[in-house]
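Engineer: Protein chains in written order, with the numbering used here: chain E, 1 to 273; chain U, 1001 to 1310; chain B, 2001 to 2325.
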Amino acid sequence: MRLGANTWIGGGLFAVALAVAVTAPWIALTDPVMDANLLNAELPPSREFPFGTDAQGRDIYSRVVYGAQISLTVGVVSQIANSIIGVTLGLTAGYWGGWWDDFVNGLTNVMLAIPSLIFALAIMAILGPGLVSLLIALGLTNWSYSCRIARAQALSLKSQGYVQAARILGYGPFRIMFTQLLPNMLGPIIVIATLGMGGTILAEAALSFLGLGIRPPFPSWGSMLSDARETIAVAPWVSIFPGLAIFLTVLGLNLLGDGLRDIFDPQATTRRA
Amino acid sequence: MLLVLVRRVGNMVPTLAAVIALIFVLFSVIPGSFMSGLGDDGRTMDPAVMERMRKEMGLDQPLLERFVKYAGATLVGDLGTSFRTREPVTKLIAGRLWPSLKLTMAAMLVAMAIGIPLGFVAALRPGSLVDTVSMVGAVSGLSLPKFWLGLLLMYFFALQLKWLPSFGYGDGGLTHLILPAIALGVSPLALLARTTRAAVLDVLNADFVRTARSKGMSERRVVTWHVMRNALVLVVTTVGLQFGSLMGQAVVVEKLFSWPGLGSLLVDSVFQRDIPAVQGCILVFVLFFLVINTLVDLAYVAIDPRIRYG
Amino acid sequence: MTGPLLKVENLRIALQGDGVTFNAVENVSFEIGRGEAFGLVGESGCGKSITALSVMGLLRRPLSLGGGRIVLDGEEIQNASAAEMRRLRGKRVAMIFQEPMTALNPLSPVGRQIAEMFVLHQGANWRDAMDRAEEALRQVRVPSPERRIRDYPHQLSGGMRQRVMIAIALACGPDLLIADEPTTALDVTVQAEIIDLMAELCAAKGTAILMISHDLGLVANMCRRVAVMYAGRIIESQVADAIFAAPSHPYTRGLIDSLPRLGERAKRGRQRLTEISGVVPSIQAYPAGCRFNPRCHAVTEICRTTAPEATSLPADGVVRCHHHG
């Protein structure tokens, strides 16, 4: 099984981002929140401050590094929640059919009709800003894709021989769904989860940028960019580095997702011919 | 044909109804949801004031009654009164609708004008430099945060080069539209490039293209007459769906460029706890999306004879 | 002009893999005379379809012409430019394919697809061309042609679509019609009609036919001469009657034996279908020596090491076997 360039480059980028997030306390130079010295405000990149400083005199490099922790945590956890919700709903809907299927379908249609950013905004409006609300809001927005795929897979797989066999052997429905059907649909689900993670990271950034996610002074990549808006004319580096971090991480996830899709679904023609 | 039209429009209705119900539940039912929010900036409200506001907003009435009132009002276009400005929400929204539409359409135009031809060229020369560069560019475009791109564009074109204004609507002219349209348009551009490329590749390998070649048709004619038409059928769907969701995605770009559209209204309303305005905005976004989807469905019927005479 | 209409000599078709090149087809030679019906028979994967595509110049990556000569009416065309090939296609050599549903443009009415031929090759205007398209549909025995010209492919049955394909192919009176498994996707009852139609029209217009099929019975009925392909090589070529009466190659014999037949044993309900044991080798794994050797009951040591040369048989026949006869 040859892993294409996509998988390696994408996986590599994402791995770097994860590594930065995990090792943040050791590779950062300063405390991202407390070490603010107004005398150092808006300094360009130098040996002391590799990425320069922001309007409060904080080291951008350290904030980007710690920001990785926050942004990646939100991205990964929300996407996992999305996948769990989506797969559970889709799997059960496809397997059982009937009114439950109708209900899940209706719910999915409603979710798909509301633009995801708007929905997340609405939930944040109700819950107020902060990390937990962000996790809840983002965890509830993107499950429709996993749901659709899981449902389609369940529908096509449930007539397979081994499922009939399991039923005859007396396996209960949940056991069948989670031990027989789920392992066989992991491929596309993983692809969607990977690509979806890029989406949740972008969504967190957007919400924090708007001021509805992680609030300053905590360093999420998105909230750093909302600070940057005021200083862009005199200190462009404040905008460049956090955005670059988001870009490279999401790019990594997108490439990885594309690469995984080539492995799990070779008929997809978005590949090169 | 008329039957198809009626059926497609009819499909919209249950979803729209469910969305209205969902919005109602989210904002009006969740106990104390926005009441506690009102005290968000550290102040707690005077209980008497809170009680008065409750009565004013009709929150002391039973749930079902409130819902019926709300749904009924919505259906006749009464989206309530803004808490902030005391104007009808409908009026607020109407004033912001055109700028949002303008921005969304401009972004979509940019995306189609560059994305579709790019996808075509890439598919006609698979594996070439053009193809690789385009596709790498496309995946990058999909990974860019829109507001970061907006900031960078602002920095280079507005602040450094001073070619374009850095924010605002201006007199409604083209110069103010360019930067936000580009910032918003890059990601649908990328998606369209990829989708077009996939569709064209699919069609290029189809049997009827081989037949066309075997008839002695020139490659150019094969591509323009046979390949393009069949591929565009697939691309139209993407264009439609993208357009539908684009207005929702414009929220951040609008805020960044201080563009007076529906998205920035939504964000401001959220910050000001102007619940009717928030509800109204969400409803309009959803309605827009559903209408566009239905139009795409209908366009599909018109283009593809297999569905028309199916 | 005297001489055969189509002469293929030592044709080799290369398949580009990951850094390696395989010969999908090699040493293929045959001739088709003017107005003659010639059959090319073999199982799926033996290379008969791509041989036909190479005559039309329609080979695409990863396949390409590796060597040999293709001579159409005295002119060598294997190295012809794309423009030259285009001039031949449709006008002098036409082709119909196996899957009529996917072979027609789903977005264009069938009349238009036929009329296109007249516009392309004979400079007709669209109105005249549509009239002639209607006439062409009548010739291929499609009922109510004046209404059918406006139909879309999905509105027609499989048999009708194949008639449309035949109409398209014969529209400009080509010298050679290549038919690649034209009836395989059709119902049995319709198959005979289509074959009869093709035979009749081509005889009337003097068009030669290269009939490609896996069905030896069908081909032997329709064609004067038959060539049998196996794993990219022609292993036997004879006049149709002779190939049935006295097959020289064990593979041909196997093919004939595996045809279900009405006969004494069948009537007694005791016919067992004989099969050729084993499977057709893939291009990447062609056996050394005679490619049929793993499945041959008459195999000896020389078969495993040396590819058999072509031996002449009476009446311009050819066989490639160490133990023919």
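The beta carbon of each residue, even a glycine, is placed where N, CA and C say it ideally should be.
Where do the ends of the alpha helix (DSSP H) carrying A19 of chain E lie?
Structural biologist: Here the alpha helix (DSSP H) through A19 of chain E covers 5-22.
Engineer: Check the DSSP bridge columns for P1088 of chain U and list the partner residues they point to.
Structural biologist: Answer by DSSP bridge pairing, in chain order: U:T1081.
Engineer: Any contact between the stretch 2052-2067 of chain B and the stretch 1169-1185 of chain U? By contact I mean 3 or more CB pairs, one from each, below 8 Å.
Structural biologist: Touching, no, given that fewer than three Cβ pairs across the two stretches are closer than 8 Å.
Engineer: Please determine if the stretch 1233-1253 of chain U and the stretch 1095-1112 of chain U are in contact, where contact requires at least 3 C-beta pairs separated by less than 8 Å.
Structural biologist: Contact between the stretch 1233-1253 of chain U and the stretch 1095-1112 of chain U is present, because at least three Cβ pairs lie under 8 Å.
Engineer: Give me the subset of the stretch 231-250 of chain E whose CB atoms are less than 7 Å from a CB atom of chain U, sorted by chain position.
Structural biologist: Cβ contacts with chain U come from I232, A233, P236, S239, G243, I246, F247, V250.
Engineer: Run through chain B and tell me which residues come within less than 7 Å of H1226 of chain U, C-beta to C-beta.
Structural biologist: Residues of chain B passing the Cβ test: N2105.
Engineer: Just to confirm, is the Cβ distance from V82 of chain E to S146 of chain E under 9 Å?
Structural biologist: Reading off the sequence shown, one finds Asn at residue 82 of chain E, where the question assumed Val. Cβ distance < 9 Å, so N82 of chain E and S146 of chain E count as in contact.
Engineer: Quick one, which of B:I2234, B:Y2152, B:L2104 has its alpha-carbon nearest V1313 of chain U's?
Structural biologist: The first residue shown for chain U is 1001 and the last is 1310, placing residue 1313 of chain U beyond what the model contains.
Engineer: Report the residues of the stretch 109-130 of chain E with a CB closer than 7 Å to any CB of chain U, ordered along the chain.
Structural biologist: Under the 7 Å Cβ criterion, the stretch 109-130 of chain E contributes N109, V110, A113, I114, P115, L117, I118, L121, A122, A125, I126, G128.
Engineer: Since S1214 of chain U sits in a beta bridge, which residues does DSSP pair it with?
Structural biologist: DSSP, once it has assigned bridges, lists no residue as partnering S1214 of chain U.
Engineer: Taking the beta strand (DSSP E) that E230 of chain E falls in, what are its first and last residues?
Structural biologist: Segment 221-231 is the alpha helix (DSSP H) holding E230 of chain E; no beta strand (DSSP E) there.
Engineer: Compile a chain-ordered list of the residues in the stretch 1240-1273 of chain U whose CB is closer than 7 Å to at least one CB of chain B.
Structural biologist: Against chain B - using a Cβ distance shorter than 7 Å - the stretch 1240-1273 of chain U contributes no residues.
Engineer: Out of E:A93, E:I201, E:D54, E:N142, point me to the one whose CA is closest to L18 of chain E's CA.
Structural biologist: The residue with the shortest Cα to Cα distance from L18 of chain E is E:I201.
Engineer: Counting only runs that start and end within the stretch 2281-2320 of chain B, where is the alpha helix (DSSP H) found for 4 or more residues in a row?
Structural biologist: You should have 2301-2305.
Engineer: Taking 9 Å as the CB-CB cut-off, is V1186 of chain U touching chain E?
Structural biologist: Output row for V1186 of chain U: interface = no.
Engineer: A254 of chain E touches chain U at which residues, Cβ-Cβ below 7 Å?
Structural biologist: Reading the sequence as shown, one finds Asn at residue 254 of chain E and not Ala. The contacting residues are V1139, L1142, S1143.
Engineer: Could one say the Cβ of I2209 of chain B lies closer than 9 Å to chain U's Cβ atoms, at least one of them?
Structural biologist: Not closer than 9 Å to any Cβ of chain U, the Cβ of I2209 of chain B fails to qualify, so no.
Engineer: When burial is assigned at 16 or more other CB atoms within 10 Å of the CB, is F1034 of chain U buried or exposed?
Structural biologist: A caution first: F1034 of chain U carries a pLDDT of 47, below 50, which makes its placement in the model too unreliable to give a value.
Engineer: What are the start and end residues of the alpha helix (DSSP H) that includes Y95 of chain E?
Structural biologist: 60-96 is the extent of the alpha helix (DSSP H) around Y95 of chain E.
Engineer: Below 8 Å, how does it come out for the stretch 232-246 of chain E and the stretch 136-156 of chain E: are there three or more Cβ pairs, yes or no?
Structural biologist: Contact fails: fewer than three Cβ-Cβ distances are below 8 Å.
Engineer: Does DSSP put I1114 of chain U in a helix, in a strand, or in coil?
Structural biologist: It is helical.
Engineer: Taking DSSP's pairing of strands, which residues face S2064 of chain B in a bridge?
Structural biologist: For S2064 of chain B, which the question treats as bridged, DSSP gives the partners B:A2014.
Engineer: Using DSSP with H/G/I as helix, E/B as strand and the rest coil, what is T2183 of chain B?
Structural biologist: The answer is coil: DSSP assigns T2183 of chain B none of H, G, I, E or B.
Engineer: In or out: G243 of chain E buried (at least 16 other Cβ within 10 Å) or exposed?
Structural biologist: With 16 or more Cβ atoms within 10 Å of its Cβ, G243 of chain E is classed as buried.
Engineer: Return the first residue and the last residue of the alpha helix (DSSP H) that G161 of chain E is part of.
Structural biologist: Counting along the chain, the alpha helix (DSSP H) containing G161 of chain E begins and ends at 161-168.
Engineer: On the DSSP bridge list, what partners appear for T2021 of chain B?
Structural biologist: DSSP lists B:Q2016 as partners of T2021 of chain B.
Engineer: Measure from the alpha carbon of G2217 of chain B to the alpha carbon of each residue in B:A2203, B:E2200, B:D2241, B:I2209, then state which is nearest.
Structural biologist: Checked all of B:A2203, B:E2200, B:D2241, B:I2209; the closest Cα to G2217 of chain B is B:D2241.
Engineer: Can you list, in chain order, the residues of its chain with a C-beta nearer than 6 Å to that of R2291 of chain B? Leave out the 5 residues immediately preceding and following it.
Structural biologist: A2231, listed in sequence order.
Engineer: How about G106 of chain E: is its C-beta nearer than 9 Å to some C-beta of chain U?
Structural biologist: Interface residue, yes.
Engineer: Hey, quick one: how far does the beta strand (DSSP E) through F2038 of chain B stretch, first residue to last?
Structural biologist: 2037-2041 is the span of the beta strand (DSSP E), which, as asked, contains F2038 of chain B.
Engineer: Is it buried or exposed, Y162 of chain E, if we count other Cβ atoms within 10 angstroms and call 16 or more buried?
Structural biologist: That one is exposed.
Engineer: State yes or no: is the beta carbon of K1146 of chain U nearer than 9 Å to at least one beta carbon in chain E?
Structural biologist: For K1146 of chain U, the answer is yes, since a Cβ of chain E falls inside 9 Å of its Cβ.
Engineer: Do you know offhand how far D2073 of chain B's Cα is from R1125 of chain U's?
Structural biologist: The alpha-carbon atoms of D2073 of chain B and R1125 of chain U are separated by roughly 35 Å.
Engineer: Can you tell me whether D1040 of chain U is helix, strand or coil according to DSSP?
Structural biologist: Its pLDDT being 45, under 50, D1040 of chain U is placed unreliably in this model, and the value from its coordinates should be taken loosely. It is coil, neither helix nor strand.
Engineer: For T1015 of chain U, return the contacting residues in chain E, with the cut-off set at a CB-CB distance below 9 Å.
Structural biologist: Ordered by position in chain E, the residues that pass the 9 Å Cβ test against T1015 of chain U are G106, N109, V110, L112, A113.
Engineer: Contact criterion: CB-CB distance below 9 Å. Does A1206 of chain U meet it with respect to chain B?
Structural biologist: Closer than 9 Å: yes.
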